[in-house]
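Just below is one structure, and these are the notes that go with it.
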Amino acid sequence: MQNMYLIKKIAWMAIGLILFFAPVTLSTELTPKAGGMENTTIHAQKHLPYVPGRILVKYRSAATAAAKTDMQTLYGLAVKKEIPSIGTLVFKLPEGLDVKTAVRQLRDDPRVEYAEPDYYAHPEAIPNDPAFSTQWGLNNTGQVIGGVAGRPGADINAPAAWDLTVGSDSIIIAVIDTGVDIGHPDLRPNLWVNTGELAGAASFDDWQPNGLDDDGNGYVDDIVGWDFFFNTNNPNDESKKFGGHGTHVAGIAAARGNNGAGVTGVSWAARIMPLAAMDYNDGGLPISAVAGALGYAEQMGAHVINMSLGLYQDSHTLRNAISAVQHAVIVCAAGNDGTDNDVRPHYPSGYPNANLIAVAATDQFDHRVWYSNFGAASVDVAAPGARIYSTYSRFVDASGYTFLGGTSMATPMVAGLAALIRAGNGTLSPVQVVSIIKGSVDKRPSLSGRVSTGGRINALQALRAAGVGGGGDSGGGSGGCFIRTLQSVH
0 MQNMYLIKKI AWMAIGLILF FAPVTLSTEL TPKAGGMENT TIHAQKHLPY VPGRILVKYR
60 SAATAAAKTD MQTLYGLAVK KEIPSIGTLV FKLPEGLDVK TAVRQLRDDP RVEYAEPDYY
120 AHPEAIPNDP AFSTQWGLNN TGQVIGGVAG RPGADINAPA AWDLTVGSDS IIIAVIDTGV
180 DIGHPDLRPN LWVNTGELAG AASFDDWQPN GLDDDGNGYV DDIVGWDFFF NTNNPNDESK
240 KFGGHGTHVA GIAAARGNNG AGVTGVSWAA RIMPLAAMDY NDGGLPISAV AGALGYAEQM
300 GAHVINMSLG LYQDSHTLRN AISAVQHAVI VCAAGNDGTD NDVRPHYPSG YPNANLIAVA
360 ATDQFDHRVW YSNFGAASVD VAAPGARIYS TYSRFVDASG YTFLGGTSMA TPMVAGLAAL
420 IRAGNGTLSP VQVVSIIKGS VDKRPSLSGR VSTGGRINAL QALRAAGVGG GGDSGGGSGG
480 CFIRTLQSVH
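Numbering that gives the first Met the number 0 applies: residue 0 is where the sequence shown begins, and numbers increase by one.
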């Protein structure tokens, strides 16, 4: 597989020399992605169930090095990479050995704890008509969406929450997704930078790769994150295949606020850690890449992990990778098939970890969106997720902004709120943050029996429950003094 990756580097132009609406690139060098990047929209993509030609294997602890070598020789397996956080190997299969046969044989091998396909997860978004100009999910005044006025107060009460805190640049939100447009003017100021890789440079703008793992974390030149499918230091959201999904998600959680342009993220001072996991050649996000990204996020100190993705297949690898995260809040999309996750489990949203929260989507009337999955036991809260305006990859759309809908969009609303809470009260554990978010929702009849809390998140109530500040209206709507003016939509 390594043969397909180009090793050459592209010299990026400085941000200040590019027009605002052009696909901004950087003055530093990141390894380019390679492979097929055909133009395929979200709704047209034909997903495969798993990555062909490779499997995931974890050995039993009693297996010796010699036993492992013998097994790999017996089956003709080649190690493609390791997921060190959970001790799982990604093997390339020899010609003539298909995934199902290999998994069946290896599951019976006494040296193996588990063997499974490298399943694909998928982004949980659907496209919407980009014809509206307000972020109703943050502050719903009854503005017209799709020709119909919404219900005032059917929002997360962000302006009032911002009176208490707008977040902190010490808080990191890891976005495991298709990548992030790291030069986007509304995201670049909040981009996380791995200072351990600066190697004497004053800032990321001055940085040049040196081919070394300066901070000893196992990744060479990982200055702004990593691409866990292409195995490069370039997590940019460059392909048109999934329509800038990761960039849209990142903007909802943490687009820069009060900068006179574009949109505002829920936690608009937090840092965004881009972790790309998309297979642009075959579709979807392989579990091996997602698991690697989870391990990196934990290793590098992320406080919140956004997972706007999912699948209906349980995975030992994914479950173990989720459980290995102990220091971050994990926020997961519930899915977009309009089904009951209590009956048909969805992952990773369905895992029972106490630091994980599963999110359904609501519309501008505080109703569960028709396509949002639900579950009285398996889905925790709801958040705005229909017709959400946010940043978009300028490699896909030169405007840099669009509307999308889905539980993918509701999830970063909750991730941004978790970041606000952790910024306001750094003594709280991830489990406590999840408990606070669930305990401070606005109860809604339409969500009763659909999510375990029966409610949609309320940022102000959550911050108050976390002991952050005081004063202001605790109901949804227009409380607070900070109201953001948006750029008009053309």
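All C-beta atoms, glycine included, are put in the ideal place defined by N, C-alpha and C. What you are looking at is a predicted structure, and each value in this text was computed from that prediction instead of being measured.
Closest residue to residue i among the options (Cα-Cα distance)
i	options	result
S314	V102, M299, T63, Y370	V102
R150	E81, P383, A275	P383
V330	T338, D336, P351	P351
S447	L462, R421, D365, T406	D365
V440	V358, V467, E115, S398	V358
P234	A198, W267, W191	W191
V56	F373, L73, E81	E81
K67	Y49, E112, R53, G52	E112
T426	A61, A327, A332, W267	A327
N354	A64, F90, S434	S434
Q325	G215, P184, N457, S428	S428
S76	A65, S60, R53	Just to set this straight, residue 76 is Leu in the shown sequence, not Ser. The shortest Cα separation from L76 among A65, S60, R53 belongs to R53.
A64	R110, I321, L163	R110
D278	T177, R255, L92, P48	T177
S498	P411, A414, V342, Y388	The structure shown has nothing for residue 498, since the chain only spans 0 to 489.
Residue range of the alpha helix (DSSP H) that includes residue i
i	result
G178	Careful: G178 lies outside any alpha helix (DSSP H) and carries neither H nor E.
T572	With the chain running from 0 to 489 in the structure shown, residue 572 is simply not present.
T100	98-106
G318	Inspection of the sequence shows that residue 318 is occupied by Arg rather than by Gly. Here the alpha helix (DSSP H) through R318 covers 315-322.
V330	Per DSSP, V330 belongs to no alpha helix (DSSP H); it is in the beta strand (DSSP E), 328-332.
L446	No alpha helix (DSSP H) contains L446, which DSSP labels as neither H nor E.
P429	429-438
L73	64-74
T246	244-253
Residue i, DSSP secondary structure in three states
i	result
R455	strand
N305	strand
N258	coil
E94	coil
Y118	strand
V111	strand
V395	coil
W161	helix
I85	coil
T231	strand
A290	helix
Y346	strand
L211	coil
G415	helix
L186	coil
Residues near residue i in its chain [Cβ-Cβ closer than 6 Å; skip 5 each side]
i	result
Q312	Y118
K442	G453, G454
Run of the beta strand (DSSP E) containing residue i, from where it starts to where it stops
i	result
P151	No beta strand (DSSP E) holds P151; DSSP gives it neither H nor E.
T390	387-390
V50	49-58
E196	Run containing E196: none; DSSP gives neither H nor E here.
M272	270-275
I170	Per DSSP, I170 belongs to no beta strand (DSSP E) and is neither H nor E.
L355	355-361
A381	380-383
Cutoff 8 Å; reference residue i; Cβ partners in own chain excluding five residues on either side
i	result
G210	V219, D220
P83	G217, G294
R106	Y113, A114
P188	R255, N258
Sequence-distant residues of the same chain with beta carbon closer than 7 Å to residue i, five excluded per side
i	result
A292	I175, F227, L274, A276
W206	T27, L197, A200, I222
A464	I435, G438, S439
A120	G283, L284, I286, V289, L308, G309, L310
E123	S307, L308, G309, A332, G334, N335, G405, T406, S407
Contact test: residue i Cβ vs the ligand MN heavy atom, cutoff 7 Å
i	result
S451	As far as ligands go, the structure on display features none, and thus does not contain the ligand MN.
Flag this pair as touching only if the segment 242-260 and the segment 270-277 have three or more C-beta atom pairs under 8 Å; answer yes or no.
yes
Assess, as a yes-or-no matter, whether the segment 218-234 is touched by the segment 374-392 under the definition of 3 or more beta carbon pairs within less than 8 Å.
no
Check whether the segment 338-349 and the segment 391-401 touch, using three or more Cβ-Cβ pairs below 8 Å as the test.
Contact fails: fewer than three Cβ-Cβ distances are below 8 Å.
For the 8 Å Cβ check, are there 3 or more pairs between the segment 92-99 and the segment 303-318?
no
Could you tell me whether the segment 166-182 touches the segment 287-304, where touching means 3 or more Cβ pairs closer than 8 Å?
yes
Taking 8 Å as the threshold, find out whether the segment 254-264 comes into contact with the segment 203-221 through three or more Cβ pairs.
no
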